[in-house]
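There are 2 protein chains.
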Amino acid sequence: MSEEAERDRVVEISDELFNSRGIQSVGMDELRRVSGLSLKAIYGLFPSKAAIILAVLDRRHRVWTEGVTARVDRALEPDTKLLAIYDYLADWFREDSFNGCGFINAFAELGAVAPEVAVRAREHKIDFQNYVARLVAGANGPAELAPQLAILAEGAQTTAAISGNADAARHARAAAEVLIRAGMSRAS
Amino acid sequence: MSEEAERDRVVEISDELFNSRGIQSVGMDELRRVSGLSLKAIYGLFPSKAAIILAVLDRRHRVWTEGVTARVDRALEPDTKLLAIYDYLADWFREDSFNGCGFINAFAELGAVAPEVAVRAREHKIDFQNYVARLVAGANGPAELAPQLAILAEGAQTTAAISGNADAARHARAAAEVLIRAGMSRAS
DNA sequence: TTGTGTTGAGAACGTTCGTTCTCTATGGTT
DNA sequence: AACCATAGAGAACGAACGTTCTCAACACAA
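The listed protein sequences derive, respectively, from chains A and B. All residue numbers for the first sequence refer to numbering that gives the first Met the number 0, where the first residue is 0 and numbers rise by one. All residue numbers for the second sequence refer to numbering that gives the first Met the number 0, where the first residue is 0 and numbers rise by one.
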């Protein structure tokens, strides 16, 4: 296995473990056991656990972005593209492994003591807000609609994570529909 | 100082420290140093750090509930009562010590490994949803409005925490206004 | 075959944490 | 003054963590 592939494998395994049990609760020894690599090999791929954490965040950003854009791209109309975000959330919430937004979790766990984690979380959220803003602009919606829709998505994620059921996506979608319709009628 | 007062003091100090730096990052030794009590005294008041964490969550629930109800009670009309929630959030977000919802943070940090923390977080959120539902009912709004408004409040909290600015409260309030108006017009 | 560099397995190290224990000083009671 | 219970200060303990080191096994070149 190439070094690149091994790195990806460690990051993927770390992502799953961090997601299910939190970052600080997962030790390097468990990473070694699950990955089948030696500690020496892992430390040959990454200089520290902190570097693995950041790599996991980068991966999460990529997976999230690809997932949501793929889902949005399938929708045909500008307004159904916006609603597709919440359909993506609904599917995500129903996965057994769903445990809340990894960035919110990482920020809550390490944001105050690991500035780089806070930065990645902030960048991830800003990136999503900008994406929503572009979709809103594409639908000729008013600028203030974008942060509102983003807040709905954020709220759905934490509500689904803590309550443990996926209804939040449905509620957020319904709210988004109302906001979009209201925004469009005012814009036209 | 009475034992009750000392207990409160430890919980209050722990709340502040946990809020600013996360739960796991704060050790018992720091609690000792800041509180001025001996470790022995602290362990006389609480059987373990886990018990302190739960006491902090209970305190957070009490403070939050009192704060938001006080703000809501100041509003006169049923629909402005609903909007008062977001005004309360706006004030909270602007506090220097604001670091996101303590329950979301605790859940993210410990929910997967400390079931009691997850239960408290869930109970807290359910309690808030029920509160919103009562306010919505008082305003003769449709039942589906309540979870939508709750999701807006959740999203505002995480967005404000990660982005570091209080605008999220304003956006959430504006969205809530639209949802409330739409809900009322359909109900009437 | 011999020598050499590399690697895996995991022991070891230094630190930190939650918790308990020791020891000393103190204050009240007789 | 003599005794005892109490409590503070922090050392000590066992466990767990991230990281590094040791050492034996192995692959491969000469």
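Ideal Cβ positions, reconstructed from N, Cα and C, are used throughout, including at glycine. Note that the structure is predicted; figures quoted are calculated from it, not measured.
- Pairing B/Ala174 with A/Gln147 gives a Cβ-Cβ distance under 8 Å.
- In this model, B/Asp28 and A/Gly140 are separated by some 54 Å (Cα to Cα).
- Pairing A/Asp86 with B/Leu81, the inter-Cα distance amounts to about 27 Å.
- With 16 or more other Cβ atoms from the protein chains shown falling within 10 Å of its own Cβ, A/Asp14 counts as buried.
- Between the alpha carbons of B/Ala165 and B/Ala83 lies a distance of about 15 Å.
- At a cut-off of 8 Å between beta-carbon atoms, B/Lys39 makes no contact with chain A.
- Taking 8 Å as the cut-off between beta carbons, the residues of the segment 18 to 32 of chain B near chain A are Ser19, Arg20, Gly21, Gln23, Ser24, in sequence order.
- In the displayed model, B/Asp57 falls within a helix according to three-state DSSP.
- Taking 8 Å as the cut-off, the beta carbon of A/Ala168 is found no closer than this to the beta carbon of A/Ala160.
- Per the coordinates, the alpha-carbon of A/Ala111 lies some 43 Å from the alpha-carbon of A/Ser184.
- Separation of the CB atoms of A/Phe102 and A/Ala120 is rounded to 4 Å, and the pair is thereby assigned contact status at 8 Å.
- Its chain contains Asn104, Glu108 as the residues whose beta carbon lies nearer than 8 Å to that of A/Gly21, once the 5 sequence neighbours on both sides are disregarded; these appear in chain order.
- Between the beta-carbon of B/Leu178 and that of A/Val118 there is about 33 Å, and that puts the pair past the 8 Å contact cut.
- If you compare the alpha carbons of B/Gly35, B/Gly137, B/Ala136, B/Val10 with that of B/Val62, the shortest gap goes to B/Val10.
- Of all residues in the segment 87 to 114 of chain B, only Asn98, Gly99, Cys100, Phe102, Ile103, Asn104, Ala105, Phe106, Ala107, Glu108, Leu109, Gly110, Ala111, Val112 place a beta-carbon less than 9 Å from a beta-carbon of chain A.
- Close to chain A, meaning a Cβ-Cβ distance shorter than 7 Å, are the following residues of the segment 114 to 126 of chain B: Ala120, Arg121, Lys124.
- Contact of A/Ser162 with chain B is assigned, a C-beta pair being separated by under 8 Å.
- Rounded to the nearest whole angstrom, the CA to CA distance from B/Arg59 to A/Ala89 is 30 Å.
- The C-beta of A/Thr157 comes closer than 8 Å to at least one C-beta of chain B.
- Taking the C-beta atoms as reference points, A/Leu53 is found no nearer than 8 Å to A/Glu3.
- In the structure shown, the three-state DSSP call for B/Ala105 is helix.
- Residue environment analysis places A/Glu153 among the buried positions, since at least 16 neighbouring C-beta atoms fall within 10 angstroms of its C-beta.
- Residue nearest to A/Thr68 within the set A/Asp57, A/Leu134, A/Glu5 is A/Leu134 (criterion: CA-CA distance).
- The contact set of A/Ile84 on chain B, defined by CB atoms closer than 7 Å, is empty, because the minimum CB distance reaches about 13 Å.
- Secondary structure at B/Ile51: helix, using DSSP grouped into helix, strand and coil.
- Scanning its chain for C-beta atoms nearer than 6 Å, with the 5 sequence neighbours on each side dropped, one finds around A/Ala138 the residues Pro77, Asp78, in chain order.
- Secondary structure note for B/Gln156: its alpha helix (DSSP H) is the uninterrupted segment 144 to 162.
- About 7 Å separates the Cβ atoms of B/Ser34 and B/Ile41, confirming a contact at the 8 Å cut-off.
- In the three-state reduction of the DSSP assignment, B/Ile41 falls in the helix class.
- A residue is called buried when at least 16 other Cβ atoms come within 10 angstroms of its Cβ; B/Lys39 does not meet this threshold and is exposed.
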